[in-house]
Each structure stands twice: as structure tokens, then as C-alpha cells.
Amino acid sequence: MNGYVPTFRMVINDIRKSITSGQLKKGDKLPSLPELAERYDCSIGTVRRAIEHLQITGELQGRQGKGTYVTGKLFEES
């Protein structure tokens, strides 16, 4: 194993770290996809893939036309 971590996985890990550290709290809105893509120096598609994964796991919730929010599920499992 060469230690390579795909960019979308790094985005997932960083968002989770922000949640567990308290930087992002239940109900907080994430920045827009373009803002996150710029922050992580990657494509919007890569950010979208990471966000979709975190929505599937229940850690984030997308609200049509309103944005993506932290659900607090990560805290409930701790």
C-alpha cells in the first residue's frame, strides 16, 4: 500500500474532523460546493461525491435550494 488517499476521501475526513472538533456543529450550514472545491483545490464533482457520501451515512443533510447541513448523527454514535 502506497498511502495514497483519494481527494474525495480527504474531503470526507476533513469534514468529519471539523464536526468532531466542534468547528462544525449540528445545524451548521456547509459552504457552497464551489467554495469547498476552492478550499480543497479540487473539482466540484469531487466535493459533490464527498458530500453525497456523508449524506448517505447520515452525517450531512441536503436541503433543496437551501444548502447542506450537519445533522449531528456523528455525535449521537459517539
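My numbering puts the first residue of the sequence shown at 2, with every later residue one more than the last.
By construction, the Cβ of each residue, glycine as well, lies at the ideal position given by its N, Cα and C atoms.
What residues match up with residue i in a beta bridge as DSSP calls it?
i, result
"G73", "DSSP, once it has assigned bridges, lists no residue as partnering G73."
"R86", "Because residue 86 is not part of the residues shown, which for the chain are 2 to 79, the question remains open."
"K27", "The partner list for K27 (beta bridge, DSSP) is empty, contrary to what the question assumes."
Please state whether DSSP places residue i in a helix, a strand or coil.
i, result
"K18", "helix"
"S79", "With a pLDDT of only 46 at S79, under 50, the local geometry of the prediction cannot be trusted, and no value is derived from it."
"V12", "helix"
"V6", "coil"
Tell me whether the beta-carbon of residue i lies closer than 8 Å to the beta-carbon of residue j.
i, j, result
"V12", "T47", "yes"
"G63", "K27", "no"
Using the beta-carbon count (16 or more within 10 Å), is residue i buried or exposed?
i, result
"I45", "exposed"
What's the C-alpha gap between residue i and residue j?
i, j, result
"T58", "P35", "22 Å"
"S79", "I20", "Note on S79: pLDDT 46, under 50, position unreliable in the model; the coordinate value appears next. Rounded to the nearest angstrom, the two C-alpha atoms are 12 Å apart."
"K30", "N3", "35 Å"
"F9", "Q56", "14 Å"
"L61", "P7", "20 Å"
"S33", "I52", "11 Å"
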